[in-house]
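Written out below as structure tokens is the structure these notes cover.
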Amino acid sequence: MDRAYSVIQHAMSQLEDEFQHILIRNTVPLGAERLYGSIRQRSLSFPVNNAKIIVGEDDMSVVVSGFSSGCIRSKRWSQTFELHHELNCLVQGHKSVIMGEEVVLFGTRGSPYTCRIEIALKLKGVQYKYIDEDLANKSPSLLKYNPVHKKVPVLVHNGKPVLESLVILEYIDETWQGHPILPEDPYERATARFWAKFIDEKCFPAIFKSCWGEEKEREKAVEEVSLVLKILEDELKEKKLFGGENVGLVDIVAVVVGFSLGVYEEAARVELLNKEKLPRLCNWIDDFLSDSFIKESLPPRDKLIAYLRNRFKSGNASK
Numbered sequence: 001m002d003r004a005y006s007v008i009q010h011a012m013s014q015l016e017d018e019f020q021h022i023l024i025r026n027t028v029p030l031g032a033e034r035l036y037g038s039i040r041q042r043s044l045s046f047p048v049n050n051a052k053i054i055v056g057e058d059d060m061s062v063v064v065s066g067f068s069s070g071c072i073r074s075k076r077w078s079q080t081f082e083l084h085h086e087l088n089c090l091v092q093g094h095k096s097v098i099m100g101e102e103v104v105l106f107g108t109r110g111s112p113y114t115c116r117i118e119i120a121l122k123l124k125g126v127q128y129k130y131i132d133e134d135l136a137n138k139s140p141s142l143l144k145y146n147p148v149h150k151k152v153p154v155l156v157h158n159g160k161p162v163l164e165s166l167v168i169l170e171y172i173d174e175t176w177q178g179h180p181i182l183p184e185d186p187y188e189r190a191t192a193r194f195w196a197k198f199i200d201e202k203c204f205p206a207i208f209k210s211c212w213g214e215e216k217e218r219e220k221a222v223e224e225v226s227l228v229l230k231i232l233e234d235e236l237k238e239k240k241l242f243g244g245e246n247v248g249l250v251d252i253v254a255v256v257v258g259f260s261l262g263v264y265e266e267a268a269r270v271e272l273l274n275k276e277k278l279p280r281l282c283n284w285i286d287d288f289l290s291d292s293f294i295k296e297s298l299p300p301r302d303k304l305i306a307y308l309r310n311r312f313k314s315g316n317a318s319k
């Protein structure tokens, strides 16, 4: 509990720096039910000595109760959500320490499948141990937890393995509170799953083949990339992100477009993304890469480019 209290104190300090006004009280003067229609709720999920945090401003109220309520309302929604999300992640990030949870991620740096899991864990504020796997010499632990496919990523939660990146993303969303990955509406959830599967089955294979495939299949793959990227461009419509205003499942899965595509283009010395024909997708990439949680989850770009060029030697050479 001492650790939890220190986390809360740190979060309070950050809020105080921003809003110059903070009060700690033993009771919550604003009931969440009375803020209906003007708040968003995020669970903090564990008691901290019945502590309450109230941040008061003309256009903002944050309430963190001792059990599980974190409430925020603001006219400056984008600004205050960032602060509240940071507070939520600070507390959630230490939940694994306080509650004795163990979260381990087996992955490979540079893999878009590993990146998407790290993004989700960071968005949720989950503290985890990362184990980098050498896929040419797989560890006994990886083979133990994934004996069927023997591949990464693998998320091990309290000794129980969860396999396949799309499955892991949904598991993370259902297990930890905080930033929602999937929408609440059943139809929107189904739609998000459709586009996530589309990216996995259509986008990534075409992008990879266009850069690193056999010479005879590259031309066809380049055409496929143009087609699938145009489909994603049309799906974005006027939205800032695939998830709307906040990073969601499709945005996380589309890290292969938002980050890997540019890396592969530079490493293979090819051009696949036409900025004039795909302006919305290019704007999405800029917004996606500017998110602090996304940045923290990505491998160093220069090192990854050097690794890919070394692995595939002569630019477009096949594996």
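First residue of the sequence shown: 1, per full-length UniProt numbering; consecutive thereafter. Backbone N, C-alpha and C fix where the C-beta goes; we use that ideal spot for every residue, glycine too.
According to DSSP, residues forming a beta bridge with residue i
i	result
D200	Partner(s): none; D200 has no beta bridge.
D132	G107
K160	H157
Close-in-space but distant-in-sequence residues of the same chain around residue i (CB under 8 angstroms, 5 per side omitted)
i	result
C282	L273, K275
Q92	Note on Q92: pLDDT 46, under 50, position unreliable in the model; no value is reported.
D291	V247
E265	C211, E271, L272, L273
K295	L289
V257	I199, C203, I207, L229, L232, L281, I285
Straight-line gap, residue i to residue j (C-alpha atoms, nearest Å)
i	j	result
E245	D286	14 angstroms
L278	E102	42 angstroms
A206	K122	28 angstroms
P153	F208	18 angstroms
L105	F312	27 angstroms
S96	S165	Only weak support exists for where S96 lies, its pLDDT of 40 falling under 50; the coordinates are left without a value.
P183	C211	34 angstroms
R193	V225	20 angstroms
Y187	F288	24 angstroms
F204	A136	22 angstroms
G159	I131	14 angstroms
I305	K220	24 angstroms
K150	L143	6 angstroms
E238	P140	47 angstroms
E223	E271	12 angstroms
V167	E201	15 angstroms
V148	V156	15 angstroms
L229	K129	34 angstroms
A190	K240	20 angstroms
R218	W284	26 angstroms
K197	V253	9 angstroms
E174	K216	44 angstroms
R269	D185	42 angstroms
L163	L227	30 angstroms
Contact with chain B by residue i, beta-carbon distance below 8 angstroms
i	result
R218	In summary, chain B is missing from the structure at hand, where a single protein chain is found.
Close-in-space but distant-in-sequence residues of the same chain around residue i (CB under 6 angstroms, 5 per side omitted)
i	result
I231	none
E233	L278, R280, L281
V255	P112, C115, R116
E170	none
P161	Y145, V154
F293	K122, L123
G107	T114, V152, P153
A267	I305, L308, R309
8 angstroms contact criterion, which residue i and residue j should meet: CB distance rounded
i	j	result
E235	W195	7 angstroms
I172	A120	5 angstroms
R301	V263	6 angstroms
F242	D251	5 angstroms
S297	E118	4 angstroms
I181	L261	Going by Cβ atoms, the distance from I181 to L261 rounds to 22 angstroms, so no, they are not a contact pair.
Residues near residue i by beta carbon distance below 7 angstroms, same chain, minus five either side
i	result
P299	R109, G110
K138	K150
Checklist entry - What runs of the alpha helix (DSSP H), each 4 residues or longer, lie entirely inside the UniProt domain "GST C-terminal" (185-312)? => result Runs found: 186-198, 204-212, 215-236, 249-253, 261-268, 279-290, 292-297, 301-311.
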